[in-house]
Structures are given as C-alpha cells and as structure tokens.
Amino acid sequence: MVAGWFTDTEDEEGFRLLGTRCGACSAVFFPREDSLCRNPACAGDALTEVPLSKRGRVWSYTDGRYRPPAPYVSDPEAPWEPYTLLAVELEAERMVVLGQAAPGVTVADLSVGAEVEVVPGILSEDTGTSWTTWHWRPVEEER
C-alpha cells in the first residue's frame with residue numbers, strides 16, 4: 001500500500017507494522033514520520049524506524065455494509081463486499097492503529113478487549129499486480 005509502513009515479507013511471523021521513534025522524547029508514530037517529531041512539546045528530529053507490537057487489543061470495531069458515495073472511487077459494476085474495520089490499541093506504544101479485519105472475520109467474531117494480531121493482506125489485485133496492506137486477525141487462545 002505505502003512503502004515503509006510495514007515489513008516487506010509475506011511471512012506472517014515476521015510481518016510487522018513499522019513506525020518511528022523520536023530519539024529525544026521516545027514518542028512512537030504510525031504512520032511513520034521521517035522529518036520531525038510530531039510531539040508538540042518536542043523539537044527532536046532524530047527518528048529511528050521501529051517495528052510495532054505484533055499484537056494488540058480491540059479498542060473499537062464496525063462494519064462497512066454499503067458502498068460509500070463519491071468521491072470514493074470504486075467500480076460500480078463490481079459487487080460490493082462488506083468489510084470489518086478495527087481500532088487496535090498497542091499497549092507498549094500507547095497508540096491506537098486502524099485497519100481492516102482479515103478476510104472472513106466479521107463483527108460477530110470480535111469484542112472490545114479481545115486480542116488480535118497483525119498479518120499481511122491484499123488490498124487489491126489486477127493483472128500482474130497485488131497491492132499489499134495489513135489486516136487484524138483474532139488470536140486463538142492456546143489450549
């Protein structure tokens with residue numbers, strides 16, 4: 001989707017969202033910041049790429065059941081596929097990251113506070129090209 005927002009691997013185990021950490025105040029940003037610290041109380045400009053936590057907790061979620069109106073761009077001839085959106089809290093980074101649920105995950109599979117993990121996903125495909133993104137998937141409890 002956007003270069004540098006996540007690792008370039010299709011391996012689920014090594015897949016991570018990538019943020020940046022300010023060397024002066026230790027604030028972490030996603031999407032990444034490459035020039036100046038976004039913290040208004042900090043004048044730092046030394047930013048280092050950091051992988052974000054692989055797991056987080058559902059902070060909120062909803063489903064998209066209709067095709068958004070213009071200016072949203074979509075093929076009106078293609079069937080509309082409902083999708084699930086999640087806001088996931090990454091505790092270590094103290095931030096909430098939005099993203100789409102993995103294919104097949106619906107609002108019936110989620111609850112606030114449930115643990116989820118980030119996995120690679122496909123945003124769109126056409127002849128010879130795949131646009132990749134991230135998805136959130138519920139973590140199965142170990143038995």
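Numbering-wise (the UniProt record's numbering), the sequence shown opens with residue 1 and increments by one.
The beta-carbon is built from N, C-alpha and C at its ideal position, and this holds for glycine as well.
All values reported here derive from a predicted model rather than from experimental measurement.
Tell me where the beta strand (DSSP E) around Trp131 begins and ends. Thr129 to Pro138
On the DSSP letters alone, give me the boundaries of the beta strand (DSSP E) that Cys22 sits inside. Cys22: member of the beta strand (DSSP E) spanning Leu18 to Cys22, first to last residue.
Which of helix, strand or coil DSSP assigns to Asp109: Asp109: helix per DSSP, three-state reduction.
With a threshold of 7 Å on Cβ separation, who are the neighbours of Phe30 within its own chain once the five nearest residues in sequence on each side are excluded? Around Phe30: Leu17, Gly19, Leu52, Met95 and Val97.
Count the other CB atoms, across all protein chains shown, that sit within 10 Å of the CB of Cys37; report buried if there are 16 or more and exposed otherwise. buried
Would you please state the rounded distance, in angstroms, between the beta carbons of Gly56 and Val105? I believe it to be under 8 Å. Between Val105 and Gly56 the Cβ distance is about 15 Å, and since that is not below 8 Å, they are no contact.
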